[in-house]
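*Asks:* A single structure is presented below for examination.
Protein chains: 2
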Amino acid sequence: MTYKAPVKDMLFNMQHLAQLEQVAQLPGFEDAGLETAQAVLDECAKLNEDVIAPLNWEGDKNPSWFKDGQVTTTPGFKQAFRQFAEGGWQGLQHPADFGGQGLPKTIGAACTEILNSANLSFALCPLLTDGAIEALLTAGNDAQKATYIPKMISGEWTGTMNLTEPQAGSDLALVRTRAEPQPDGTYKIFGTKIFITYGEHDMAENIVHLVLARVTGAPEGVKGISLFIVPKFLVNADGSLGARNDVHCVSIEHKMGIKASPTAVLQYGDHGGAIGYLVGEENRGLEYMFIMMNAARYAVGVQGIAVAERAYQKAVQYARDRIQSRPVDGSMNTAASIIHHPDVKRMLMTMRALTEGCRAMASVAAAAYDAAHHHPDPQARKQNQAFYEFMVPLVKGYSTEMSLEVTSLGVQVHGGMGFIEETGAAQYYRDAKILTIYEGTTAIQANDLVGRKTARDGGQTAKAIAQQIEATEAELQASGSAHALAVRKRLQAARAAFLSVVDFIAGHAKADPNAIYAGSVNYLMLAGNLMAGWQMARALLAAERQLAAGEDPAFMQAKITTARFYADHILTRIPGWRDAIVEGAVGVTGMALDAF
Amino acid sequence: MTYKAPVKDMLFNMQHLAQLEQVAQLPGFEDAGLETAQAVLDECAKLNEDVIAPLNWEGDKNPSWFKDGQVTTTPGFKQAFRQFAEGGWQGLQHPADFGGQGLPKTIGAACTEILNSANLSFALCPLLTDGAIEALLTAGNDAQKATYIPKMISGEWTGTMNLTEPQAGSDLALVRTRAEPQPDGTYKIFGTKIFITYGEHDMAENIVHLVLARVTGAPEGVKGISLFIVPKFLVNADGSLGARNDVHCVSIEHKMGIKASPTAVLQYGDHGGAIGYLVGEENRGLEYMFIMMNAARYAVGVQGIAVAERAYQKAVQYARDRIQSRPVDGSMNTAASIIHHPDVKRMLMTMRALTEGCRAMASVAAAAYDAAHHHPDPQARKQNQAFYEFMVPLVKGYSTEMSLEVTSLGVQVHGGMGFIEETGAAQYYRDAKILTIYEGTTAIQANDLVGRKTARDGGQTAKAIAQQIEATEAELQASGSAHALAVRKRLQAARAAFLSVVDFIAGHAKADPNAIYAGSVNYLMLAGNLMAGWQMARALLAAERQLAAGEDPAFMQAKITTARFYADHILTRIPGWRDAIVEGAVGVTGMALDAF
Chain A
1 MTYKAPVKDM LFNMQHLAQL EQVAQLPGFE DAGLETAQAV LDECAKLNED VIAPLNWEGD
61 KNPSWFKDGQ VTTTPGFKQA FRQFAEGGWQ GLQHPADFGG QGLPKTIGAA CTEILNSANL
121 SFALCPLLTD GAIEALLTAG NDAQKATYIP KMISGEWTGT MNLTEPQAGS DLALVRTRAE
181 PQPDGTYKIF GTKIFITYGE HDMAENIVHL VLARVTGAPE GVKGISLFIV PKFLVNADGS
241 LGARNDVHCV SIEHKMGIKA SPTAVLQYGD HGGAIGYLVG EENRGLEYMF IMMNAARYAV
301 GVQGIAVAER AYQKAVQYAR DRIQSRPVDG SMNTAASIIH HPDVKRMLMT MRALTEGCRA
361 MASVAAAAYD AAHHHPDPQA RKQNQAFYEF MVPLVKGYST EMSLEVTSLG VQVHGGMGFI
421 EETGAAQYYR DAKILTIYEG TTAIQANDLV GRKTARDGGQ TAKAIAQQIE ATEAELQASG
481 SAHALAVRKR LQAARAAFLS VVDFIAGHAK ADPNAIYAGS VNYLMLAGNL MAGWQMARAL
541 LAAERQLAAG EDPAFMQAKI TTARFYADHI LTRIPGWRDA IVEGAVGVTG MALDAF
Chain B
1 MTYKAPVKDM LFNMQHLAQL EQVAQLPGFE DAGLETAQAV LDECAKLNED VIAPLNWEGD
61 KNPSWFKDGQ VTTTPGFKQA FRQFAEGGWQ GLQHPADFGG QGLPKTIGAA CTEILNSANL
121 SFALCPLLTD GAIEALLTAG NDAQKATYIP KMISGEWTGT MNLTEPQAGS DLALVRTRAE
181 PQPDGTYKIF GTKIFITYGE HDMAENIVHL VLARVTGAPE GVKGISLFIV PKFLVNADGS
241 LGARNDVHCV SIEHKMGIKA SPTAVLQYGD HGGAIGYLVG EENRGLEYMF IMMNAARYAV
301 GVQGIAVAER AYQKAVQYAR DRIQSRPVDG SMNTAASIIH HPDVKRMLMT MRALTEGCRA
361 MASVAAAAYD AAHHHPDPQA RKQNQAFYEF MVPLVKGYST EMSLEVTSLG VQVHGGMGFI
421 EETGAAQYYR DAKILTIYEG TTAIQANDLV GRKTARDGGQ TAKAIAQQIE ATEAELQASG
481 SAHALAVRKR LQAARAAFLS VVDFIAGHAK ADPNAIYAGS VNYLMLAGNL MAGWQMARAL
541 LAAERQLAAG EDPAFMQAKI TTARFYADHI LTRIPGWRDA IVEGAVGVTG MALDAF
C-alpha cells in the first residue's frame, strides 16, 4: 500500500482540539458525533487507499491529453470518479435537500485531506465542484440551484471557476471577458480564460463553468464584474442535455506537476457567443466568487497537508528499508536502516510536526466554520466567523508553504533515489509547488491577512486569539511536566513576537503601507506557525491527559514528542521573523527598482 | 539574452573580500591580478552567454538519450563542448605543465559559476573532469599524469568519479566492486556502479573512469578500498586509442532535473574484466577520492550559487515585465509592473541576498585555497588550509540548500506562469534539488563539519573564525552609519549563537553523539548563514569606502542595501537554530523508531 489514511490522528484532533462533540450539538449536525466521524473516515480511507491512491503515479506518467478540443484524462480516472461520486463523496458537506450528506466541515475537511493525499490531481475536480456548489447555494436562484446542484452532487456534472485571463492573474480589476445582455434575459459571453482546472475533461457528462465577466457598460475595475453560469452543454427544461454551448478548450498546459489535472485555456464566444446565465445581481460577481474562493482556499491549504502527509509516509518507509552506515552512537556494529540516523530522524520529525501541526490548525478552523454557520447564538456565530476568516489565509498560506519544505525533505530522505522519477518522491515535490500559487499566491493570502484580517479591526481578532494562546500557556504551566514547560517557553516567546508584529501592522498600515506589506508574507508565516504550534501545545495537554488515563500510550507518547519537537524546532523560527518584519523593511523598500 | 554573468559583483568580491591582489603575490600567480581576472571573466561570460546558456532549456526538452549502450547528448552539446575545450576553459585552474592556464581558484571559481549558471547539466562534464585531473595530479604516477591529464585538459577526453553502488550510497564501507591483480601489474575490475555523471556520452573520444574497488583479500570497510583508472578505451603506448575496455553503460536514469546530464549505470567486467590501473597505493583509494570529492564539493556549492543567480535574473526580468495590481502606497492610479509590489521586492531581495552572500563566501574560501597551496610560509598555509576545510561543507551545504529556497522563490515570482514548463523557472527548481544530494548530502556535509571540522579540534578553528567576525563587528561600529550599526547588531547575535553551538558540539560530541548529530544540519545552516552574512558585512564596509571615494555609487548603494537586507532577514534566522540545536535534541532522539 502506498498510502494509509491517518484516521487516528484526525479523530484525535476532532475529539480533543476541534471538540467535535460540541459541533454535534449544533442544529443540523445531531448525527455527526465521533462514531459517525470514525465510520465516514474508515470508508473514505478504504476508497482512497485502494482505488484512488494507486492512480497518482499513473497520472504523472500519463497526464491528461488534449486533441481536437477534447481532453482525455489518465486511464482509470473516469472509473474512479464514478466510484467516488456513487459513494456520495461529492455531497459530503452539502445539504441533504440537494442530495448531499450534510456533514460538518470538521469531518468533511478530513475526507478532503484523505482524497488529496491519495491523488492531488484527481482531487482537484471535486474540489472545484465543491466551490461551484457553494457559490450557487449562496447566490444562485431556486431554479439554478435545482438545475445544477443535484447533478453536481451526484457527480454527473462537475464545476469550474473561471477567473484568470492572460492579462489578469491576481488582479481581477483587469478582467476583460464581456457579457452582452440578450432579450431573453440570458447573456452572450466573449473572451479567453486561462488556468481553468478541469476546464475540459471526459469524467462527467457536463461541465458547469462559473465565469467572471463584465456586462456591457459596467463600471471599470472590480466593481463591474458579474458572475455567470456557462454550462458546456445547455440544459433543457426537463434537465436533459441540449445543444453544445460556445465554450471550447483550445489547449491545456504543460506543467511541472499535478500533470493529470487538465489546466485548460477556454475560449468563449468564437462562434457567436456562449450563452450565460447571471448569478445573483449584476456587478456583484466578485463577492459571489469570494464564497467559492474562500472554500477553495481552505481546501488548497488542506491539499498542502495532504501532500505533506503522503511525502512523510513515503519517506518513513524508505528510511526503514534503506540500510546505510553505522549508527553514530556505536550501538550497532553494522550498517543500520537510515531511520536510526539522527539527521534522518530530524528530517522525518520536521515533516511530521509540520504536517500534524497544520492538520490540527485546519481541524480547529473547520469547527469554527461549522459553528459560524450553525450556532444558534448570533454572538457565537460572529466570533467563530471572525476566527475562521482569520484562519483561512493561514491554512492556505502556511500549510502550502510548509508542504514545499516537507516534500523537499521527502526527496532528501531518499538521497539520490529521490531524484529518480520512478521512486515517486519527486512527484510530490513537483506537485506541491502549485499550492503556494493557485487560489491566490501566498502574497495574496498575506495581503488578506494584513489588510482585511488584521489592520481593519486594529488587530482585535488577532489579540483575542493571543489571549486564548495565553490560556494554553497557563495550562502548560499547570501541567508542570518537562515537555509542557519547554513548550510553554517557546509558545510564550512566539506569542510575544506575534503581538509585537500585530501592533506594528495595526499602527503603521496607513502611514507606511510599503513597510507593512514588505513584511506581509513573513507575518503570515509567523502567524501560521504560531497557530499550528498552539494546537500542538493543546494536543500535548490532551495527550498527557489520555496517557494518564491509560489510553493508547504509544500514540499519545508520539504526540507529546512531536509537540515538543514542533516547539523547539518550528516555533523557534518565529522571533527571527518578528525582527525581519518590524525592523527589516528598509532592506526591502530601500532598494532602487533599477538596481535589481 | 537569458543570462548575463555578474562580472562586476565577482570582481568586487575578488578585490575587496578575497584580496585578489594578495593572491597575485603568491608564487606562480604573478599574472593573476584584477586586470587578468577582468579579462578572463569577460571572455568566459561571452562564451557562456552566447553559446552555452541557450542550450539549457534545450537540454531539458531533449535530454541525453540512451540506446544500445550509447548515449547521445542534447543537440548542440557536442559542438559547445568543443568550443569550451578549445577556448582552454577546462585547463583554467590546472598546471601549465600539462597544458593548463594555472590560474588561481579565486578566479577559476567565478568561471565555474558562470558556466554553471549558463547550463548546470552541461557544466557537470567539466566539473567531474576537473576532479579527476586533481586526483591524478595528487596521487597518480608520472606516466599516468602524462597519459591522461593533457588529454583531459584539452577536452579530448573527459573524467568521471565512480563511487556509488546500489547498496553503497553515502556509505562507502559497503562498496563491493572488486579488483583482481593481474600478472602484468594491471587489475581486472568487476562490479556495478550507479549514478555516474557523464559515465557515457558522445562529447569526447575517451572517458577516464576513476573507480573505487576492493582488491582481492583487502580488509573490509573503507580501509580496503583502492582507486583505479579504468579508461573506456585503452590507451596505446603512443597515446592513441586502443581496444574498447570492458566497461559498459547499461542504462541512464530518468531524473527530475539536470536531464541533459546523463546519469549512467556502468557495468564493469561482464566480458572478462575491465582493465584497471591502480592509482597510488592499494587500500588508500578513499583518501585519493577525497581529493576529488573536496574539489567537487566546493564546485557543487558553486553550482548552487550559479542556479540561484540564473533564477534571480529570470525573476527580475519577469517582475519588470508583468503588469498587475496598483501599488499599495497609492503612488500609481493604474496597475504597475509587479516589481513595485513590496512582497515581490522582498522575494527578489531574498534571492539576491542569499546568492550574493554565498558568492562572497565561496570567493573568500577560494582565496584561502590558493594561499593554502601557494603561500611561502608554512604557518600561513596551515591556517588557510584549516579555514578552507572548515568552509568546504558550508559552501557545499549552505549554498545548495539556499538554492532550493531561491529557485522556489523564482517560481513564486512568476505566479501561475512559473508552474508552466515553457516559462523556464520550473527547470531551475527541478535542477537545483540534486545539489543538496550529490557529492554528499547536506547531512554528510554536516557530519564532516561536526566531526572532522569542529569536534576534532575542540572548536578551535570555529572560534578563530568567530574572532575574525568580531573584528568585523568592531569595524561596523567604527563606521557608525545606520546600516553598519544595524548589521553589527545582527552579526553579533548570530556570532553569539554560533559560539554557543560550537561549545555545545565540542562539549558533547563524545558523550551524546545522537544529540549532537540531531543538530548537525541546523549547525551547518547556522554556520553557512553566518559566514555568508559576515562576508556581506565586510562587503558593506568596502562599499561604504568606495561610495565615499565616488566609485560606482549605484552598485555600491545596492550592495549596502543587500547587506542590510541579509542582516535583517537572513542572519535573524540564526538564533532560532541555536535553540533547536542546543535545546531541541530531545524532540528528535525521544521518538521511538516504531512510532514514525
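Protein chains in written order, with full-length UniProt numbering: chain A, 1 to 596; chain B, 1 to 596.
C-beta: ideal position from N, C-alpha, C; glycine also.
Could you please give me the residues that DSSP links to residue 233(A) through a beta bridge?
*Replies:* Counted from its first residue, the first sequence places residue 233(A) at position 233. Answer is 244(A).
*Asks:* Where does the unbroken alpha helix (DSSP H) through residue 56(B) begin, and where does it stop?
*Replies:* Counting from 1 along the second sequence, the entry for residue 56(B) is found at position 56. Unbroken alpha helix (DSSP H) run through residue 56(B): 55 to 61.
*Asks:* Mind pulling the chain A residues with CB within less than 9 Å of residue 508(B)?
*Replies:* For this step, residue 508(B) is matched to residue 508 along the second sequence. Chain A residues near residue 508(B): none, gap ~12 Å exceeds 9 Å.
*Asks:* Establish whether the CB of residue 433(B) and some CB of chain A are separated by less than 9 Å.
*Replies:* Here residue 433(B) is taken as the residue at index 433 of the second sequence, counted from 1. By this cut-off, residue 433(B) is an interface position.
*Asks:* With a threshold of 9 Å between beta carbons, is residue 568(B) in contact with chain A?
*Replies:* As a first step, residue 568(B) must be located in the second sequence, where it is residue number 568. Output row for residue 568(B): interface = yes.
*Asks:* Beta-carbon separation of residue 590(B) and residue 320(A) under 9 Å?
*Replies:* Here the question's residue 590(B) lines up with position 590 in the second sequence. Here the question's residue 320(A) lines up with position 320 in the first sequence. No. Outside cutoff.
*Asks:* Going straight from the alpha carbon of residue 21(B) to that of residue 35(B), what length do you get?
*Replies:* Here the question's residue 21(B) lines up with position 21 in the second sequence. Here the question's residue 35(B) lines up with position 35 in the second sequence. Looking at the two C-alpha atoms, the distance is approximately 10 Å.
*Asks:* Mind checking residue 205(B): buried by the 16 CB within 10 Å criterion, or exposed?
*Replies:* Sequence index remark: in the second sequence, residue 205(B) carries index 205 (1-based). Label assigned to residue 205(B): exposed.
*Asks:* Going by DSSP, what residues sit across from residue 264(A) in a beta bridge?
*Replies:* Sequence index remark: in the first sequence, residue 264(A) carries index 264 (1-based). In DSSP, residue 264(A) forms a bridge with 196(A), 252(A).
*Asks:* When the cut-off is 9 Å and only beta carbons count, does residue 70(B) lie next to chain A?
*Replies:* Counting from one through the second sequence, the residue named residue 70(B) turns up at place 70. Not closer than 9 Å to any Cβ of chain A, the Cβ of residue 70(B) fails to qualify, so no.
*Asks:* Among residues of its own chain, excluding the 5 on either side of residue 250(B), which ones have a beta-carbon nearer than 6 Å to its beta-carbon?
*Replies:* On the second sequence, residue 250(B) is found 250 positions in, with the first residue counted as 1. So the list reads 265, 267, once near-sequence residues are dropped.
*Asks:* Is residue 332(A) buried or exposed, if buried means 16 or more other CB atoms sit within 10 Å of its CB?
*Replies:* Within the first sequence, residue 332(A) is the residue found at index 332, counting from 1. Label assigned to residue 332(A): exposed.
*Asks:* Taking its Cβ as the centre, do 16 or more other Cβ atoms sit within 10 Å of residue 253(B), making it buried, or is it exposed?
*Replies:* To locate residue 253(B), count along the second sequence from 1; it is residue 253. Residue 253(B) should be labelled buried.
*Asks:* Less than 9 Å between the C-beta atoms of residue 256(A) and residue 433(A), yes or no?
*Replies:* Here residue 256(A) corresponds to residue number 256 of the first sequence, with the count starting at 1. Here residue 433(A) corresponds to residue number 433 of the first sequence, with the count starting at 1. Their beta carbons are under 9 Å apart, which means residue 256(A) touches residue 433(A) by this criterion.
*Asks:* Would you mind working out which of 361(B), 213(B), 382(B), 430(B) sits nearest residue 529(B), comparing C-alpha positions?
*Replies:* The residue given as residue 529(B) occupies position 529 in the second sequence. Taking only the C-alpha atoms, the option nearest residue 529(B) is 361(B).
*Asks:* Could you check whether the Cβ of residue 38(A) sits closer than 9 Å to any Cβ belonging to chain B?
*Replies:* For the purposes of this step, residue 38(A) is identified with residue 38 of the first sequence, where counting begins at 1. So, not an interface residue.
*Asks:* Tell me whether residue 157(B) sits in a helix, a strand or coil according to DSSP, three-state version.
*Replies:* To locate residue 157(B), count along the second sequence from 1; it is residue 157. Reduced to three states, the DSSP call for residue 157(B) is strand.
*Asks:* If contact means a Cβ-Cβ distance below 9 Å, which residues of the UniProt domain "Acyl-CoA oxidase/dehydrogenase middle" (161 to 267) of chain B contact chain A?
*Replies:* Answer set for the UniProt domain "Acyl-CoA oxidase/dehydrogenase middle" (161 to 267) of chain B: 164, 167, 168, 169, 170, 171, 173, 174, 194, 195, 253, 254, 255, 256, 257, 258, 263.
*Asks:* For residue 350(A) and residue 569(A), which I take to be in contact (beta-carbon distance under 8 Å), what is that distance rounded to the nearest angstrom?
*Replies:* Position 350 of the first sequence, counted from the first residue, corresponds to residue 350(A). Position 569 of the first sequence, counted from the first residue, corresponds to residue 569(A). Contact flag correct, Cβ pair sits at about 6 Å.
*Asks:* Under the assumption that residue 437(A) contacts residue 419(B) (Cβ atoms under 8 Å), give the Cβ distance between them as a whole number of angstroms.
*Replies:* Locating residue 437(A) in the first sequence gives position 437, counting from the first residue. Locating residue 419(B) in the second sequence gives position 419, counting from the first residue. Residue 437(A) to residue 419(B), Cβ: 6 Å. Contact.
*Asks:* On the CB-based measure, 16 or more other CB atoms within 10 Å of its CB, does residue 243(A) come out buried or exposed?
*Replies:* If you number the first sequence from 1, residue 243(A) lands on position 243. Exposed is the call here.
*Asks:* Check whether the Cβ of residue 281(A) lies closer than 9 Å to any Cβ atom in chain B.
*Replies:* Within the first sequence, the letter at position 281 stands for residue 281(A). Not one chain B Cβ lies under 9 Å of residue 281(A).
*Asks:* DSSP puts residue 165(A) in a beta bridge; with which residues?
*Replies:* Within the first sequence, the letter at position 165 stands for residue 165(A). DSSP, once it has assigned bridges, lists 168(A) as partnering residue 165(A).
*Asks:* Go to residue 456(B), then tell me how far its alpha helix (DSSP H) extends in each direction, as first and last residue.
*Replies:* If you number the second sequence from 1, residue 456(B) lands on position 456. First-last for residue 456(B): undefined, no H or E at that position.
*Asks:* Is DSSP giving residue 413(A) helix, strand or coil here?
*Replies:* Along the first sequence, one-based indexing puts residue 413(A) at 413. Helix.
*Asks:* Give me, in chain order, the residues of the same chain whose beta-carbon lies closer than 6 Å to that of residue 484(A); leave out the 5 immediate sequence neighbours on both sides.
*Replies:* By 1-based counting over the first sequence, the position of residue 484(A) is 484. Counting only Cβ-Cβ distances below 6 Å, and skipping sequence neighbours, we find 476.
*Asks:* So is residue 339(B) in contact with chain A if we call contact Cβ pairs under 9 Å?
*Replies:* Here residue 339(B) refers to the residue found at position 339 when the second sequence is read from its first residue. Yes, because at least one Cβ of chain A sits closer than 9 Å to the Cβ of residue 339(B).
*Asks:* For residue 520(A), tell me which candidate among 579(A), 539(A), 549(A), 487(A) has the shortest Cα-Cα distance.
*Replies:* Here residue 520(A) refers to the residue found at position 520 when the first sequence is read from its first residue. Among 579(A), 539(A), 549(A), 487(A), the Cα nearest to that of residue 520(A) belongs to 579(A).
*Asks:* How would you list, in chain order, the residues of chain A whose beta-carbon sits under 8 Å from the beta-carbon of residue 520(B)?
*Replies:* Taking the first residue of the second sequence as 1, we reach residue 520(B) at position 520. Near residue 520(B) (Cβ distances below 8 Å), the residues of chain A are 342, 343.
*Asks:* Quick one: give me the first and last residue of the beta strand (DSSP E) that residue 275(B) is part of.
*Replies:* Residue 275(B) sits at position 275 when you count from the first residue of the second sequence. Residues 274 to 279.
*Asks:* Quick check on residue 27(A): buried or exposed, where buried means 16 or more other Cβ atoms within 10 Å of its Cβ?
*Replies:* The residue you call residue 27(A) lines up with position 27 of the first sequence. So residue 27(A) ends up on the exposed side.
*Asks:* Spell out the partners DSSP gives residue 447(B) in its beta bridges.
*Replies:* As a working mapping, residue 447(B) is identified with position 447 in the second sequence. Bridge partners of residue 447(B): none, in fact.
*Asks:* Using a Cβ-Cβ cutoff of 7 Å, what residues of the region 394 to 417 of chain A are near chain B? List them in chain order.
*Replies:* So the close ones are 404, 408, 411, 412, 415, 416.
*Asks:* Can you pull the DSSP bridge partners for residue 70(B)?
*Replies:* Here residue 70(B) corresponds to residue number 70 of the second sequence, with the count starting at 1. BP columns for residue 70(B) point to 67(B).
*Asks:* Quick one: is residue 292(A) near chain B, going by C-beta distance under 9 Å?
*Replies:* Along the first sequence, one-based indexing puts residue 292(A) at 292. Not one chain B Cβ lies under 9 Å of residue 292(A).
*Asks:* In terms of DSSP beta bridges, what is residue 213(A) paired with?
*Replies:* Your numbering for residue 213(A) matches position 213 in the first sequence. Residue 213(A) is bridged to 226(A).
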